[in-house]
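Heads up, the thing below is written out as structure tokens.
Protein chains in written order, with my numbering: chain E, 1 to 390; chain X, 391 to 504.
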């Protein structure tokens, strides 16, 4: 691949509870990104939008042209919404990237948006459950139960007692809240203690409520452009690797729940394209929908060896000043999880880390960053590697 | 090829060429690519591979109250999920279970310890 694609503008709404619908949330983020990119609206040639649940939560489909209309883009450009559960935002980003890589377009607007908090939590849970196998849902499998199966499989494989497992996992939630406390766009901007996590309500043993991320409203947007257009930009960040993979959809078909081959495959693909390895990653945003999944992402992306990711926060290695800084936004646990937008938030945050203008805890002069965004019960995975411009 | 409208419960499918097994219907065997996946209905016993007590049932299962989600390996090697409504203390890894009932309307599949 000889063509290069750059991120020249990013924009993020505050993650949390929104008073406006998801298309208005996205319009705000998009205008921020467009302004930063210093482009005219008429230069945008396509919109790729991630959104998972507006069909259920806002009774609104056909979101992409609605978003164009809300932004005020009225020149008949193509637009499309992508639904890939929690990975919708990064899938939309990847399609925009491929548009430019193919030579079809030079300037594309991408991102994701979601509004989950205008309806009851049980309704949101029902909507999110549709991202799992309907046959397995009917026989009692829930997201919380799934993550419990994953945590138990991991503990058995690596000989961890329940109490040790729970404490090490709690340290990951504490680390992410520590970072999120410095991020003014985060859903929960406060630190938590070990007691907060350990004494929180048990949902599905060993998973407690404070092991899990919240449902959030939010939107994030990025302007992507070709090398020719990016040449005139003062601070481009380059997309140097983009991997995507699918995992087995029925959970009962998986042989080892403590690992996700789809993350391994997507990461391998991204590393090969970028010409780098896990040791070259200076900062990462990972998919900690439940803290055990940060462990799986750490290990399957190669940042930690199998069986060692569980100790990452306990040893402070994944803190902003550690050797593998992870989720300095606060991650899904603290920044929040506006499902269809989460992958786009991660990409905006890593872009800002690489540019050195992330408003929160920063890694020390990072050159290469990575995002791992995972949809549903691990069935959709994207891994993206970005490099600081120069 | 399995006929979709003639499924027996618990659903279990195996490849008659390579022996691949799944609780989910597939048009082509992921193991060897053959179209020889056949249904093996009527396998109603197995053992618990893992289990999770669910304290907060989802909306569609609220009428059950608290239950135990079980991953069961049937006697033919096929793995499927199900629900146990007994005391969670009775369910362990390796516990022998058998299908107790199936709700055709809601598709809920229940196991009991044996």
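We treat Cβ as the ideally placed atom computed from N, Cα and C, and that holds for glycine.
What you are looking at is a predicted structure, and each value in this text was computed from that prediction instead of being measured.
Buried versus exposed call for residue 359(E) [16 or more other C-beta atoms within 10 Å across all chains shown]: On the first chain, position 359 is the one that residue 359(E) refers to. Exposed is the call here.
Exposure of residue 488(X), with buried meaning 16 or more beta-carbon neighbours within 10 Å: On the second chain, position 98 is the one that residue 488(X) refers to. Exposed is the call here.
Interface residues of chain E facing residue 496(X) [CB-CB closer than 8 Å]: Mapped onto the second chain, residue 496(X) falls at position 106. 138, listed in chain order.
Span of the alpha helix (DSSP H) around residue 339(E): Here residue 339(E) is taken as the residue at index 339 of the first chain, counted from 1. Per DSSP, residue 339(E) belongs to the alpha helix (DSSP H) from 339-355.
Cβ of residue 440(X) within 8 Å of any chain E Cβ: One-based indexing of the second chain puts residue 440(X) at position 50. At least one chain E Cβ lies under 8 Å of residue 440(X).
Inter-stretch contact (C-beta, 8 Å, three-pair minimum) for the region 91-98 of chain E and the region 106-114 of chain E: yes
Residue-level contact to chain X via CB, residue 131(E), 8 Å cutoff: Locating residue 131(E) in the first chain gives position 131, counting from the first residue. No, no contact with chain X.
Length at least 4, wholly inside the region 25-111 of chain E: the alpha helix (DSSP H) runs in chain order: 54-57, 63-71 and 88-101
DSSP state of residue 123(E) mapped onto helix, strand, coil: For this step, residue 123(E) is matched to residue 123 along the first chain. Three-state DSSP puts residue 123(E) in a helix.
Residues, ordered as in the chain, of the region 410-443 of chain X that lie near chain E by beta-carbon distance below 8 Å: 412, 413, 414, 440, 442 and 443
Length-filtered (4 minimum) alpha helix (DSSP H) runs lying within the region 253-319 of chain E: 261-274 and 291-300
Distance between residue 441(X) and residue 473(X) (C-alpha atoms, nearest Å): On the second chain, position 83 is the one that residue 473(X) refers to. On the second chain, position 51 is the one that residue 441(X) refers to. Cα to Cα, the separation comes out at about 9 Å.
Coil, strand or helix - residue 430(X) by DSSP: Working through the second chain from its first residue, we reach residue 430(X) at position 40. Here residue 430(X) sits in coil by DSSP.
Continuous alpha helix (DSSP H) assignments of at least 4 residues falling wholly in the region 181-214 of chain E: 194-198
Span of the beta strand (DSSP E), counted from its first residue to its last, around residue 144(E): Position 144 of the first chain, counted from the start, is the residue given in the question as residue 144(E). Where residue 144(E) is concerned, there is no enclosing beta strand (DSSP E), although the alpha helix (DSSP H) it sits in stretches over 143-157.
Any C-beta of chain E under 8 Å from that of residue 461(X): To locate residue 461(X), count along the second chain from 1; it is residue 71. Yes, residue 461(X) counts as interfacial toward chain E.
Option in 80(E), 101(E) and 40(E) with minimal Cα separation from residue 227(E): Residue numbering aside, residue 227(E) sits at position 227 when the first chain is read from its first letter. Among 80(E), 101(E) and 40(E), the Cα nearest to that of residue 227(E) is on 101(E).
Anticipated Cβ contact below 8 Å, residue 132(E) with residue 377(E), distance rounded: Residue 132(E) sits at position 132 when you count from the first residue of the first chain. Residue 377(E) sits at position 377 when you count from the first residue of the first chain. Their Cβ separation, rounded to whole angstroms, is 6 Å, which keeps residue 132(E) and residue 377(E) in contact under 8 Å.
Beta carbon proximity, residue 471(X) to chain E, threshold 8 Å: As a working note, residue 471(X) is residue 81 in the second chain. True, the Cβ-Cβ gap to chain E drops below 8 Å.
Beta-carbon spacing of residue 294(E), residue 172(E) below 8 Å: Translated into positions along the first chain, residue 294(E) becomes position 294. Translated into positions along the first chain, residue 172(E) becomes position 172. Yes.
Cut-off 6 Å between Cβ atoms - residues of its own chain near residue 325(E), not counting five sequence neighbours on either side: Within the first chain, the letter at position 325 stands for residue 325(E). Around residue 325(E): 283 and 363.
Distance between residue 492(X) and residue 176(E) (C-alpha atoms, nearest Å): Taking the first residue of the first chain as 1, we reach residue 176(E) at position 176. Taking the first residue of the second chain as 1, we reach residue 492(X) at position 102. Each residue's Cα considered, the two are about 43 Å apart.
Residue 476(X), DSSP secondary structure in three states: By 1-based counting over the second chain, the position of residue 476(X) is 86. In this structure, residue 476(X) counts as coil in the three-state DSSP scheme.
Backbone secondary structure at residue 466(X) - three-state DSSP: On the second chain, residue 466(X) is found 76 positions in, with the first residue counted as 1. Three-state result, residue 466(X): coil.
C-beta neighbour in chain E for residue 394(X), strict 8 Å: The residue given as residue 394(X) occupies position 4 in the second chain. Only weak support exists for where residue 394(X) lies, its pLDDT of 44 falling under 50; the coordinates are left without a value.
Cut-off 6 Å between Cβ atoms - residues of its own chain near residue 245(E), not counting five sequence neighbours on either side: Sequence index remark: in the first chain, residue 245(E) carries index 245 (1-based). Once the five neighbours on either side are set aside, the close Cβ partners of residue 245(E) are 262, 265, 266 and 381.
Closer than 8 Å to chain E by CB, residue 488(X): On the second chain, residue 488(X) is found 98 positions in, with the first residue counted as 1. No, its Cβ sits nowhere closer than 8 Å to a Cβ of chain E.
Supposed close pair residue 241(E), residue 270(E) - CB separation, criterion 8 Å: Along the first chain, read from residue 1 onward, the residue named residue 241(E) stands at position 241. Along the first chain, read from residue 1 onward, the residue named residue 270(E) stands at position 270. With 8 Å as the limit, residue 241(E) and residue 270(E) qualify as a contact, their Cβ atoms being about 4 Å apart.
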